[in-house]
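Taking our numbering, I'd label the letters of the sequence shown as residues 11 to 151. Note that beta-carbon positions come from the ideal geometry of N, C-alpha and C, so glycine has one too. Scroll down for the structure; my scribbles are underneath it.
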Amino acid sequence: MLKITIYLVGKTKESWLSQAINEYEKRLSSDIEFNYVIKKDLISLEKELEKTKFYICLDEHSLNLTSLEFSKKIFSFFQNNKSNISFVIGSDIGLTKKIRENASFLLSLSKLTFTHQITRLILIEQLYRAIQINKNSKYHK
Numbered sequence: 011m012l013k014i015t016i017y018l019v020g021k022t023k024e025s026w027l028s029q030a031i032n033e034y035e036k037r038l039s040s041d042i043e044f045n046y047v048i049k050k051d052l053i054s055l056e057k058e059l060e061k062t063k064f065y066i067c068l069d070e071h072s073l074n075l076t077s078l079e080f081s082k083k084i085f086s087f088f089q090n091n092k093s094n095i096s097f098v099i100g101s102d103i104g105l106t107k108k109i110r111e112n113a114s115f116l117l118s119l120s121k122l123t124f125t126h127q128i129t130r131l132i133l134i135e136q137l138y139r140a141i142q143i144n145k146n147s148k149y150h151k
């Protein structure tokens with residue numbers, strides 16, 4: 011089983027977003043175990059990440075990948091990190107310089123800016139897509 015920890019500032023408040031996130035988590039439950047570390051602010055997030063050796067920051071100014079490239083990259087990370095990956099989603103003001111500098115990899119899900127709540131949904135959908143690509147399913151066309 012693959013393990014993903016998602017670090018973020020703030021909870022998902024919108025019920026419709028929570029329902030969508032829960033749907034993808036349910037679809038992924040046989041492949042991925044999710045763990046969430048939710049902090050109140052960037053300073054506490056920064057301190058929490060000091061304990062983490064490998065993490066991927068989601069940042070709009072970073073590398074954009076196609077879904078196929080994302081799938082390959084994610085499975086490469088899983089192989090190199092014993093099936094454990096951590097993602098970091100910033101707050102409404104992004105990420106601190108220290109968090110970005112200490113990241114193992116910087117990744118952009120889009121050149122557009124999203125709320126942390128929407129980013130969480132997009133990330134989980136892309137993880138689902140990556141799994142389906144790896145399984146050669148019909149989900150990704």
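Host beta strand (DSSP E) of residue i (start-end)
| i | result |
| --- | --- |
| residue 18 | 12-19 |
Spatial neighbours of residue i in its chain, beta-carbon cut-off 6 Å, leaving aside the 5 residues before and after
| i | result |
| --- | --- |
| residue 38 | 138 |
| residue 84 | 140 |
| residue 42 | 12 and 14 |
Outcome for residue i when other beta-carbon atoms lying within 10 angstroms are tallied against a minimum of 16
| i | result |
| --- | --- |
| residue 109 | buried |
| residue 134 | buried |
| residue 18 | buried |
| residue 86 | exposed |
Rounded C-alpha distance that separates residue i from residue j
| i | j | result |
| --- | --- | --- |
| residue 21 | residue 125 | 11 Å |
| residue 81 | residue 98 | 18 Å |
| residue 30 | residue 132 | 10 Å |
| residue 147 | residue 102 | 35 Å |
| residue 142 | residue 58 | 31 Å |
| residue 112 | residue 104 | 15 Å |
| residue 75 | residue 13 | 22 Å |
| residue 34 | residue 94 | 19 Å |
| residue 50 | residue 23 | 14 Å |
| residue 90 | residue 36 | 26 Å |
Contacting residues, own chain, Cβ-Cβ under 7 Å from residue i (five flanking each side not counted)
| i | result |
| --- | --- |
| residue 116 | 67, 69, 72, 73 and 110 |
| residue 129 | 68, 99 and 119 |
| residue 106 | 52 and 56 |
Any non-hydrogen atom of the ligand NAP within 7 Å of residue i CB
| i | result |
| --- | --- |
| residue 143 | Ligands displayed in this structure: none; no statement on the ligand NAP is therefore possible. |
Extent of the continuous alpha helix (DSSP H) run through residue i
| i | result |
| --- | --- |
| residue 49 | Looking at the DSSP string, residue 49 is not in any alpha helix (DSSP H); the run it does join, the beta strand (DSSP E), is 42-49. |
| residue 35 | 25-38 |
Contact set for residue i: own chain, Cβ-Cβ below 8 Å, skip 5 residues either direction
| i | result |
| --- | --- |
| residue 136 | 77, 80 and 119 |
Checklist entry - What beta strand (DSSP E) runs, 3 residues minimum, are completely inside the segment 74-124? => result Runs found: 94-99 and 115-118.
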